[in-house]
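J.: Encoded as structure tokens, here's the structure I'll be asking about.
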Amino acid sequence: MMPRRSGSGMKGRSGPAGRGGGRSAPGAGGLLAGEARHRRVCPGASQAAHRRQRGSRRFRACRDFHHGLLGCGGGGEPRILPSRRRDRLRSRLPFPHRRGAVRFESATHPMPPIAIMMPTSIQLVSVLSLLGVLSAFAAGDDGEWVTIFDGESLDGWVTEGGRYDGDADWSIEAGALTGREGSGGSGGLIYTAKKYRNFELELDTTITYPFDSGIFVRMTPDKRGAQVTIDYRPGGEVGGIYSDGWFFHNPDGAAKFTRDEWNHFKVRCVGEPMHLTVWMNGDLLTDYRFPEESGAFAQEGLIGLQVHGSPGAPEGSNVKFKHIRVRELPADAGTYFESDEAGLAALTDEARAIGWTALFDGESLAGWEAAGGGTGFRAQDGVMQFLVAGDSPYIMTAKDYRDFHLRLDFKIARMANSGLFLRADRKGGDPAYSGCEIQILDDFNWETVTDSKLAPYQFTGGLYGSVPPGVKDALKPLGEWNTYDIVYQGRRICVALNGKVLYDVDTHEVPGEPKFADRVPAGFIGMQRHAPGQVEGEAYAWFRNIFIREL
12 MMPRRSGSGM KGRSGPAGRG GGRSAPGAGG LLAGEARHRR VCPGASQAAH RRQRGSRRFR
72 ACRDFHHGLL GCGGGGEPRI LPSRRRDRLR SRLPFPHRRG AVRFESATHP MPPIAIMMPT
132 SIQLVSVLSL LGVLSAFAAG DDGEWVTIFD GESLDGWVTE GGRYDGDADW SIEAGALTGR
192 EGSGGSGGLI YTAKKYRNFE LELDTTITYP FDSGIFVRMT PDKRGAQVTI DYRPGGEVGG
252 IYSDGWFFHN PDGAAKFTRD EWNHFKVRCV GEPMHLTVWM NGDLLTDYRF PEESGAFAQE
312 GLIGLQVHGS PGAPEGSNVK FKHIRVRELP ADAGTYFESD EAGLAALTDE ARAIGWTALF
372 DGESLAGWEA AGGGTGFRAQ DGVMQFLVAG DSPYIMTAKD YRDFHLRLDF KIARMANSGL
432 FLRADRKGGD PAYSGCEIQI LDDFNWETVT DSKLAPYQFT GGLYGSVPPG VKDALKPLGE
492 WNTYDIVYQG RRICVALNGK VLYDVDTHEV PGEPKFADRV PAGFIGMQRH APGQVEGEAY
552 AWFRNIFIRE L
């Protein structure tokens, strides 16, 4: 957006006190299991062989090659990937793979007869059908569920070893792990003695009202883990994500929590950066992936349950947990993007399975429309280039979006001026105000060259006309690639640049004309082409690795 000389910043906001263990925490701010497939395709094999098949690295590699070759993860239309990508995947195979044919090296498992049933709409050549059957061997079972609380003892649980230890009172009452405030109203956590990296956790919990608790993951003394909040107090949040400050607000979660009853939680923690998905009583409660380059976070750690010190809590207040079990997931769970040597990313099978799609194919502008049918854009070598010569003010997706997680890379030249349009109305009007705009600008030189003063929201990352970026050093030097990670769901938008959260706000509570409540609830995603005369060279802005997941 072309910077203007006046504007207003974000209204001050304050959240709950720290979310740690004491009275206040520090900081502010369509496949079956592998064994079943093996029984079906190799019915003559022994029981032991069936069991060994589960989780086989050999067949996971074959699955990865098959899905990578086709460019699909069990869903979506197949496409043959470029030879460079195929060769990279082929190199991972633990058995020979030549000229598209797979030789199955096993003395006890000769290649079985193949029978495949496909919808008539799917027509693949025989070699791809063969790969499809072999990929059936690939996906082993996830880990087995393990009960980690037997309802009779605290074996396997400790009260030290995380970031927030505290002095809460933990006991077993009627088969439930029960937490109360300690002396002086102190809070604290109880942890698993074992560390976990990628896992799913299930438990039942009930909490007296009003009281505050939470589920913690990847807790260590020296790095940050994360908390799923169970703050069952007036104004509290159930299903928020907290770690020395808020990362994700969930103001509607508490209304879904059943008072004076057992509520069932399932937490899935995977990946680096960490991706937390939370279900409560069978319904999705929270789906949040931390920004890229979150180096301050532990990659594994203890699982913790919390009593949060709550001054003024009624006598006898407590939180109870039972039916606690966990299963570990593969080391590569939660990996959604794989990059080559040039930095061009591809979606993994897991990413596709949870809904990630590519908005830009790296080779053409298919799926995009230049505003007014104009010019000024080019796709080349995996990158969308914004040219100095041209007459279109922006390029936009052919599809409209409402709630989504958007991830993309960009870099800019000296004196570049661009921006991201979100939920913009394709019927007309200024996209920055029919929807909204996330600013992209040469922050380093603009004021000096133009002899002007930028409004706070006019710097890169600002929600134009409304909210300034909360971090001033997130933009990388000119010519280097930056990553935007944006979650826009309902009224709330969270924007991170290069792993640093710039803001997480309720758009109906920030300034802006027109008010966000009066703007369209869904619209196109676009990138602005605002080429100033001071730019030298043929292009001034570049975009790549544009991926979206609808929520």
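Just so you know, we're using this note's numbering here: the sequence shown kicks off at 12 and counts up by one. Glycine residues also receive a C-beta, built at the ideal position from the N, C-alpha and C atoms. Note that the structure is predicted; figures quoted are calculated from it, not measured.
Taking the alpha-carbon positions, what's the A59 to G154 distance?
T.: With a pLDDT of 44 at A59, under the threshold of 50, the modelled position of this residue cannot be trusted, and the question is left open.
J.: Count the CB pairs spanning the region 404 to 411 and the region 535 to 546 that are closer than 8 Å, and state whether there are at least three.
T.: yes
J.: Can you tell me the Cβ-Cβ gap for F565 and F258, rounded? I've got them flagged as a contact below 8 Å.
T.: Lying outside 12 to 562, the shown extent of the chain, residue 565 is not represented and no answer is given.
J.: Report the CB separation of N556 from L419 in whole angstroms; it is logged as a contact under 8 Å.
T.: 6 Å
J.: Near E192, what residues of its chain come up, given a Cβ to Cβ distance below 8 Å and the 5 sequence neighbours on each side ignored?
T.: A179, D180, G198, V318, G320, S321, A324, S328
J.: Can you tell me where the alpha helix (DSSP H) with R363 in it begins and where it stops?
T.: 360 to 364
J.: Beta-carbon within less than 6 Å of G315's beta-carbon, same chain only, minus the 5 sequence neighbours each way: which residues are those?
T.: G173, L200, Y202, F227, M230
J.: Would you kindly report the start and end of the unbroken beta strand (DSSP E) that includes E184?
T.: 180 to 184
J.: Can you have a look at E171 and say buried or exposed, based on whether 16 or more other CB atoms are within 10 angstroms of its CB?
T.: exposed
J.: Measuring straight from C-alpha to C-alpha, what distance separates G41 and R338?
T.: The predicted position of G41 is uncertain, since its pLDDT is 36 and thus under 50; a value taken from the coordinates is nonetheless stated next. Approximately 21 Å between the Cα atoms of the pair.
J.: Can you look up A377 in the DSSP assignment and give me helix, strand or coil?
T.: coil
J.: Leaving out the 5 sequence neighbours to the left and right, which residues in its chain are closer than 6 Å to L513 when beta-carbon positions are compared?
T.: G472, P480, G481, V482, V506
J.: Taking the Cβ atom as the reference point for each residue, do A187 and K331 lie within a distance shorter than 8 Å?
T.: The beta carbons of A187 and K331 sit closer together than 8 Å.
J.: T359 to Y220, Cα distance in whole Å?
T.: 43 Å
J.: Taking DSSP's pairing of strands, which residues face R338 in a bridge?
T.: E211
J.: So the candidates are M426, Y175, L474; which of them puts its Cα closest to the Cα of A552?
T.: M426
J.: Excluding five sequence neighbours on each side, which residues of the same chain lie with their C-beta closer than 7 Å to the C-beta of A356?
T.: F348, E349, S350, N556.
J.: Tell me which same chain residues have a C-beta within less than 8 Å of the C-beta of N209, skipping the five on either side of it?
T.: Cβ neighbours of N209 beyond the five flanking positions: C280, V281, G282, E339, L340, P341, A342, A344, G345.
J.: Would you report the Cα separation of Y253 and G510, rounded to the nearest angstrom?
T.: 16 Å
J.: Would you mind reading off the limits of the beta strand (DSSP E) that contains Y495?
T.: 493 to 500
J.: In the DSSP assignment, the beta strand (DSSP E) including V278 goes from what residue to what residue?
T.: Element bounds for V278: 274 to 281.
J.: Using a Cβ-Cβ cut-off of 8 Å (strictly less than) and excluding sequence neighbours within five positions of G196, which residues of its own chain qualify?
T.: Apart from sequence neighbours up to five positions away, the residues of its chain that approach G196 with a beta-carbon distance below 8 Å are R34, G320, S321, P322, A324, ordered along the chain.
J.: Sort Q469, A381, W168, F535 by Cα distance to G446 and report the nearest one.
T.: Per the C-alpha coordinates, the member of Q469, A381, W168, F535 positioned closest to G446 is F535.
J.: Nearest-angstrom Cα distance between G366 and R560?
T.: 5 Å
J.: Round the Cβ separation of F415 and Y499 to the nearest angstrom and send it over; I've been treating them as touching at under 8 Å.
T.: Sure, about 6 Å apart at Cβ, within 8 Å.
J.: Please identify the residue among T217, M285, R530 whose C-alpha is closest to the C-alpha of G439.
T.: R530
J.: Here's the rule I'm using: 16 or more other beta-carbon atoms within 10 Å means buried, otherwise exposed. How should T240 be labelled?
T.: It counts as buried.
J.: Taking DSSP as the reference, what is the three-state secondary structure of H319?
T.: coil
J.: From S194, I423, E380, G430, pick the residue whose C-alpha is nearest to that of G177; which is it?
T.: S194
J.: Using the rule of at least 16 other Cβ atoms within 10 Å of the residue's Cβ for burial, across every protein chain shown, is L295 buried or exposed?
T.: exposed
J.: Residue range of the beta strand (DSSP E) that Y514 falls in?
T.: 511 to 517
J.: Where does Y551 sit, in a helix, a strand or coil, going by DSSP?
T.: strand
J.: How far does the beta strand (DSSP E) with Y475 in it extend, from its first residue to its last?
T.: Looking at the DSSP string, Y475 is not in any beta strand (DSSP E), and its letter there is neither H nor E.
J.: Within 10 angstroms of its Cβ, does D454 collect 16 or more other Cβ (buried), or is it exposed?
T.: That one is buried.
J.: What are the partner residues of Y253, as DSSP defines its beta bridges?
T.: Q238, W257
J.: With DSSP as the reference, please indicate the residues paired to L431 in a beta bridge.
T.: I449, M538
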